[in-house]
Structure formats: structure tokens, C-alpha cells
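Only one structure is covered here, and it is reproduced in the block below.
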Amino acid sequence: VKHQQDPTLNSATVTALTVKGSVLEATVYGLEPFNLYSLRVEAVNEAGSVSSPWVDTRTLEASPAGLANFTVEHR
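Take the position in the sequence shown, starting the count at 1, then add 102; the result is the number in the working numbering.
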């Protein structure tokens with residue numbers, strides 16, 4: 103599985119996650135919240151390689167921060 107942050111940012115960094123051929127899913131860690139990423143799958147063996155098209159997806163927003171020292175009242 104290869105992924106890169108928003109390709110429109112002109113970043114040439116592509117990160118690869120290698121898994122065995124029998125693996126049907128993989129989790130990509132270390133992605134930033136609410137960012138656009140492009141991902142694709144590439145299969146490689148002795149005969150050569152084949153890649154899926156790039157697919158764009160956005161990570162979810164981060165949890166709210168700075169919620170210290172508050173109270174909840176029932177009215």
C-alpha cells in the first residue's frame with residue numbers, strides 16, 4: 103500500500119507499507135487529521151508488478167481540544 107499527503111502540495115514523499123500477498127487489509131498509521139491523502143495498492147512478484155489507480159480520501163477531523171474546566175448543568 104502506498105500513500106502520500108495531498109499531491110497538490112507538490113510533496114514528492116510517498117510512503118510504502120509492505121504486507122504479505124495473503125493479507126486482505128492493512129491499517130495505515132501516522133496520518134494527520136482532516137488531511138487529503140492519495141492511496142494505491144501495488145502488487146509485486148518475480149513476474150513483475152501492477153498498481154491500482156490512485157484514490158483520494160480525507161482523514162476524519164480531530165477530537166475537540168481545550169475542553170478543560172467546564173461544567174454541565176441540567177435545567
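Ideal placement from N, C-alpha and C gives every residue a C-beta, glycine not left out.
In the DSSP assignment, no residue is bridged to Ser154. For Leu138, the enclosing beta strand (DSSP E) stretches over residues Leu138 to Arg142. Contact between Leu119 and Val130 holds: CB atoms are separated by about 6 Å, below the 8 Å threshold. The residue among Pro135, His176 and Ser153 with its C-alpha nearest the C-alpha of Ala167 is Pro135. In this structure, the beta-carbon distance from Val157 to Leu141 falls below 8 Å.
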